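To start, the structure under review is shown below, and the notes come after it.
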Amino acid sequence: MNNIVFDEENPVTSDQLIWALFGKSTEDVARMFRDGKNGEYAYLFKKKDAVKEKKKVE
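FYI, our numbering numbers position 51 of the sequence shown as 40, with every residue one higher than the one before it.
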């Protein structure tokens, strides 16, 4: 696994962050979500949406 160092001299790019999180290129991740093939990550978004809905009700 790649280690990303957060510091002012070597800022992390969005491409590096996406690669670290998903292990895929930015284009591959965009295509995956566009095509609805985000199965292993879908639970993260469902959980986030459930929290938003709960806040709306309250």
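Where is the CB? At the ideal position from N, CA and C, for every residue including glycine. In this text, all values refer to a predicted model and were calculated from it rather than measured experimentally.
9 Å Cβ cutoff met for residue i and residue j
i	j	result
Thr15	Asp4	yes
Same chain, Cβ closer than 7 Å to residue i, neighbours up to 5 away in sequence not counted
i	result
Ile7	Thr15 and Val18
DSSP state of residue i mapped onto helix, strand, coil
i	result
Ser14	coil
Asp(-4)	coil
Asp24	coil
Through-space distance from residue j to residue i, alpha-carbon basis
i	j	result
Met21	Gly12	12 Å
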